[in-house]
Amino acid sequence: MQKTEIIKSQFEEILLDDCQQYRELFRKYKNRTPEDIQTLYELTSDSLMLAQRWSDIASNASLYAKTYEISKCDFKDWAYQRYRNLQEMHTDCRVFYKDAKEDLKNFGRVE
3 MQKTEIIKSQ FEEILLDDCQ QYRELFRKYK NRTPEDIQTL YELTSDSLML
53 AQRWSDIASN ASLYAKTYEI SKCDFKDWAY QRYRNLQEMH TDCRVFYKDA
103 KEDLKNFGRV E
C-alpha cells in the first residue's frame, strides 16, 4: 500500500489538540480488526465523545471566526465534516462490535 501525504487544513493550527485526537482516533480506526472486540468497544465510545466535541466546535464557528479572523462558513463546514466522520466511525464500530460480540456468544466464549 502506498503511503499517502497528510494534507492539513489551515484551521488545524487553531485546534492543535483536537486535531491530534482526531488523527489518533482515525489511525486506531484504520488499524482495527473485526475480531478485536476491545478496540471496537473503545472506538465506539471514543468516537462518540469526540464527535460531541466537534459538534461543539462547529456550533461555535462564529466565535472562532471572530477570534481568528477566518471564514465562519468555511470553518463551520470543516468542523461539521469532522463531526460527521466521527459519527460514521461510531456507527461502523458499533455494528462491528455487536457482530463480534454475537459471534463470540454463539461460539460459547461470552456469557
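Each residue of the sequence shown is one higher than the last, beginning at 3 in this note's numbering.
The C-beta atom is built at its ideal place from N, Cα and C for all residues, glycine as well.
Item	Value
Three-state secondary structure assigned by DSSP to A53	helix
Residues of its chain near E113, where Cβ-Cβ distance is below 7 Å and the 5 sequence neighbours each way are ignored	Annotation note: pLDDT 49 at E113 (below 50); position unreliable, no value reported.
Run of the alpha helix (DSSP H) containing F28, from where it starts to where it stops	18-32
Cβ-Cβ distance between C11 and W56 below 8 Å	Checking the sequence, you will find Ser at residue 11 rather than Cys. The answer is no: Cβ separation not under 8 Å.
Three-state class that DSSP yields for I72 in the structure shown	coil
Integer Cβ distance of L74 from A60, believed to fall under 8 Å	Strictly speaking, residue 74 in this sequence is Lys, with Leu absent from that position. With 8 Å as the limit, K74 and A60 do not qualify as a contact, their Cβ atoms being about 11 Å apart.
Reduced DSSP category for V112 - H, G, I as helix; E, B as strand; rest coil	Caution is warranted here: a pLDDT of 49 is assigned to V112, below 50, making its placement in the model unreliable, and the coordinate value is therefore given only provisionally. Looking at V112 - three-state DSSP - the assignment turns out to be coil, as it is neither helix nor strand.
Outcome for R84 when other beta-carbon atoms lying within 10 angstroms are tallied against a minimum of 16	buried
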